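Undergrad: 1 is the number of the first residue of the sequence shown in the UniProt record's numbering; add one for each residue after it. Using N, Cα and C, we set each Cβ at its ideal position, and we do this for glycine too. Note that this is a predicted model, so its numbers are computed, not measured.
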Amino acid sequence: MTAAQAFAWPYPTLSGDRPIVIAHRGASGYLPEHTLEAYSLAIELGADFIEPDLVLTKDGQLVARHDYYLSGSTDIADHPEFADRKKTIDGREDWFVEDFTLAEIKTLRAKQAFPGRSIAFDGQFSIPTFDEILSLVAEHEAQGGQQVGVYPETKHPDHYASLGLDFVPPLLKALERHGYQDRDAPLFIQSFEPGILKRLRDATDFRLIMLVFPKNEIDFAADALSPSVSLEEAAQFADGVGPSKALVLDSSGKDTGFVKKAHDLGLAVHIWTMRDDRLSAPFQTSQDEYAQIFRIGVDGVFTDFTPSGVLYRGLIAAGAKDKAP
């Protein structure tokens, strides 16, 4: 059986298409996250989408970092010229992206953010802008590579708004510059903050994803999710939801019914985060975890290890077709 034949098997997704594999922060299981090198490797490894988390610099430029502080993923502590830029936000003393111009950010180098992963590439890669990421994708496709989608997350837009920095204009202008025009574009925009998604819904027909995670035990009511948006409410402005794994599988690895409820409302489900080196209980192997995730019908997976998502998606589809009557 060929891979193409395996992928022809109908998946239990909202559309019946195969679930997408989203390179979480690029190929972050192998290289420092949110670098052009990590995104490029993810594309080479077969990701359908790459995910840049976006934050804003002092001069209003979009750059890729998971956090709005810098110490965890860059070498800023080794830059004495920035020693006096430390401040405290929400109890955390750190250096924050908002206090640096793009030119200053470009003097920093990325480092491994996850304990236990390789630090061999620390200090080698710069911090990319959103424009640079979009150009990387365009260059790949211009050279005959497969189409690769982009899946940006707007990080802390309300915080930046309080500083007079608005995510929406630079985000939409960058997308326009690179030819992303409508909901058929290979693009999803995600956020944990519903306000910016509602603004984007009014301004564009790009596909939007509301990110959610459980506050405590599994419950799909608005007051049990963070942010406090029910699936019914999300369906009014979003095309899908991005739940943590804890919302779709319980502690024993069983289906919670979240995916079906979302699908019944017309919402796609893209779950986070699949990590080969940090499996959810009770799974013993990545293949077992992926098998259960794909079996319940998720429409996409965020993964730090792109090859695993691509491999197990194909193997599970092939196995399902072989067992079909």
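Should the region 118-130 be called in touch with the region 179-187, which here means at least 3 C-beta pairs below 8 Å?
TA: Counting Cβ pairs under 8 Å, fewer than three are found: no touch.
Undergrad: Do V27 and T303 have their C-beta atoms within less than 7 Å of each other?
TA: Note that residue 27 is Ala in the sequence shown here, rather than Val. No, they are not a contact pair.
Undergrad: Is the beta carbon of S73 sitting closer than 7 Å to the one on A113?
TA: A contact, by the Cβ cut-off of 7 Å.
Undergrad: For A47 versus V21, is the C-beta distance shorter than 7 Å?
TA: Cβ atoms of A47 and V21: closer than 7 Å.
Undergrad: Going by alpha carbons, who is nearest to A103 out of F192, P128 and R92?
TA: A103 has its Cα closest to that of P128, out of F192, P128 and R92.
Undergrad: Buried or exposed for A42, please, with buried defined as at least 16 other CB atoms from any protein chain shown within 10 angstroms of its CB.
TA: Counting Cβ neighbours within 10 Å, A42 comes out buried, since at least 16 surround it.
Undergrad: Cα-Cα, which of P32, L45 and D17 is closest to S308?
TA: Out of P32, L45 and D17, L45 has the C-alpha closest to the C-alpha of S308.
Undergrad: In chain order, what residues of the same chain lie with their CB nearer than 7 Å to the CB of D205, ignoring the 5 residues before and after it?
TA: If we look at D205 and ignore the five residues flanking it on each side, its Cβ neighbours are D182 and R183.
Undergrad: State the start and end residues of the unbroken beta strand (DSSP E) segment that holds G240.
TA: Start and end: G240 to P243.
Undergrad: Taking the C-alpha atoms as reference points, what is the distance between A281 and Y30?
TA: Going by the C-alpha atoms only, they are around 23 Å apart.
Undergrad: What number of angstroms, rounded off, separates the C-alpha of F237 from the C-alpha of V97?
TA: Rounded to whole angstroms, F237 to V97 spans 29 Å at the Cα level.
Undergrad: Is the number of C-beta pairs between the region 10-18 and the region 138-152 that are closer than 8 Å three or more?
TA: Cβ pair count under 8 Å is below three, so no.
Undergrad: Nearest to I89 by CA position, among D75, S252 and D99, is which residue?
TA: Comparing Cα positions, the closest option is D99.
Undergrad: Short of 6 Å in beta carbon distance, which residues of its chain neighbour L134, apart from the five on each side in sequence? Order them along the chain.
TA: Closer than 6 Å at the Cβ level, and outside the excluded window around L134, lie H178.
Undergrad: Which one of M274, F192 and A246 has the shortest CA to CA distance from A234?
TA: Out of M274, F192 and A246, F192 has the C-alpha closest to the C-alpha of A234.
Undergrad: Within its chain, find whatever has a CB closer than 6 Å to the CB of Q190; leave out the 5 residues flanking it on each side and keep chain order.
TA: Within the same chain, Q190 has close Cβ partners E153, I209, L211 and G242.
Undergrad: Going by Cα to Cα distance, which pick from P214, R201 and D131 is closest to P170?
TA: Comparing Cα-Cα distances from P170 to each of P214, R201 and D131, the minimum goes to D131.
Undergrad: Is T74 helix, strand or coil when you go by DSSP?
TA: The answer is strand: DSSP assigns T74 an E or B state.
Undergrad: As a quick exercise: from I50, S118, P19 and A246, pick the residue whose alpha carbon is nearest that of A138.
TA: The shortest Cα separation from A138 among I50, S118, P19 and A246 belongs to I50.
Undergrad: Going by DSSP in three states, L62 sits in which element: helix, strand or coil?
TA: Three-state result, L62: strand.
Undergrad: Quick check: the Cα distance between F82 and G164, rounded to an integer number of angstroms?
TA: One C-alpha to the other measures close to 23 Å.
Undergrad: Give the secondary structure of R278 by DSSP, where H, G and I count as helix, E and B as strand, and everything else as coil.
TA: In the structure shown, R278 sits in coil (DSSP, three-state: anything other than H, G, I, E or B).
Undergrad: Give the list of continuous alpha helix (DSSP H) stretches no shorter than 4 residues that lie fully inside the region 295-320.
TA: Here no run is fully enclosed.
Undergrad: Quick one: residues in its chain with C-beta nearer than 6 Å to the C-beta of L311, no 5 flanking neighbours on either side, listed in chain order?
TA: For L311, where only same-chain residues beyond five positions count, there are no Cβ hits under 6 Å.
Undergrad: For the putative contact between K106 and D94, defined by C-beta atoms under 8 Å, what is the C-beta separation to the nearest angstrom?
TA: That belief does not hold up - the Cβ atoms of K106 and D94 are roughly 19 Å apart, past 8 Å.
Undergrad: Identify which residue in P52, R295, K260 and P214 has its Cα closest to the Cα of L247.
TA: Checking every option, the nearest Cα to that of L247 belongs to P214.
Undergrad: With DSSP as the reference, label F100 as helix, strand or coil.
TA: It is coil, neither helix nor strand.
Undergrad: Which of the three DSSP states is assigned to D94 in this structure?
TA: Strand, per DSSP.
Undergrad: Can you tell me whether S40 is buried or exposed? The criterion is at least 16 other CB atoms within 10 Å of its CB, across all chains shown.
TA: So S40 ends up on the buried side.
Undergrad: Could you give the DSSP three-state label for D255: helix, strand or coil?
TA: Strand at D255.
Undergrad: Can you tell me whether Q147 is helix, strand or coil according to DSSP?
TA: Q147: coil per DSSP, three-state reduction.
Undergrad: Report yes or no: do three or more beta-carbon pairs, one from the region 275-290 and one from the region 255-267, lie closer than 8 Å?
TA: The region 275-290 vs the region 255-267: no contact.
Undergrad: Under DSSP, the alpha helix (DSSP H) around R199 begins and ends at which residues?
TA: That run of the alpha helix (DSSP H) goes P194 to A203.
Undergrad: Considering just the uninterrupted stretch of the beta strand (DSSP E) at K87, what are its terminal residues?
TA: Residues K87 to I89.
Undergrad: Specify, as a first and last residue, the run of the alpha helix (DSSP H) that E132 falls within.
TA: Note, E132: alpha helix (DSSP H), F130 to A142.
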